[in-house]
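Notes for the one structure printed next.
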Ligand code: NI
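Here is the structure:
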């Protein structure tokens with residue numbers, strides 16, 4: 001089977017799996033990470049097949065979405081029909097296991113260039129206009145309030161990311177605004193700068209409107 005055909009088939013399966021999610025991790029998140037990772041990979045001259053497959057699969061074992069799941073089992077289940085080498089499947093599973101933000105907090109190390117590109121693309125999804133939309137969608141889903149000036153942001157608290165404590169605006173300070181310094185590739189760093197400026201402008205407007213100043 002052609003590589004492009006495998007990618008299309010995996011994309012179809014991921015579309016079905018993530019169709020009904022409303023936490024900001026729906027199919028269209030996978031779609032955007034896929035497209036963005038591909039763009040970065042082309043600029044960075046990386047292995048497109050590895051990047052595209054890992055991008056599509058990157059949330060199949062996410063702790064928030066699929067608690068207690070095993071990356072290798074989830075990736076094997078989807079890639080098994082295509083007759084790919086076991087070592088190749090394991091490489092994709094390792095990337096999937098290590099891409100998420102919470103895994104980084106737990107201290108796991110990803111050194112694979114293709115994996116780092118997928119991580120860059122996934123992190124960029126938390127910045128810019130899309131990042132803002134996803135922050136409020138996820139916050140609403142877990143019962144977070146929009147904002148409370150009395151509550152201060154908390155840093156480096158991995159449990160905090162999945163609890164309803166805190167506010168969506170605090171999440172900007174706890175995660176979104178830190179992302180521009182967490183990119184691996186030059187291409188992603190450039191995209192992150194642009195998205196970061198948009199976040200800052202949005203926050204300023206939000207806080208001004210909060211006090212009736214804008
Ligand atoms: Ni993701």
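Residue numbers (our numbering): 1 to 214.
Glycine included, every Cβ here is placed at the ideal spot set by N, Cα and C.
Item                                                                                                                                          : Value
Going by the C-beta, is residue 33 closer than 7 Å to any heavy atom of ligand 1?                                                             : yes
Within the chosen definition, does the stretch 130-140 reach the stretch 44-58 through at least 3 CB pairs nearer than 8 Å?                   : no
Roughly how many whole angstroms lie between the Cα atoms of residue 159 and residue 9?                                                       : Bear in mind that the predicted position of residue 159 carries a pLDDT of just 48, short of 50, making it too unreliable to give a figure here.
Cβ of residue 122 versus every heavy atom of ligand 1: is any distance shorter than 7 Å?                                                      : yes
From the DSSP secondary-structure annotation, give me the bridge partner or partners of residue 145.                                          : 167
By DSSP, does residue 230 sit in helix, in strand, or in coil?                                                                                : Residue 230 lies beyond the residue range present for the chain, which begins at 1 and ends at 214; the question has no answer from this structure.
Just confirm the distance between the C-beta atoms of residue 41 and residue 117, as a whole number of angstroms; I'd bet it's less than 8 Å. : 5 Å
In this structure, does DSSP put residue 46 in helix, strand or coil?                                                                         : coil
Any heavy atom of ligand 1 closer than 7 Å to the CB of residue 58?                                                                           : yes
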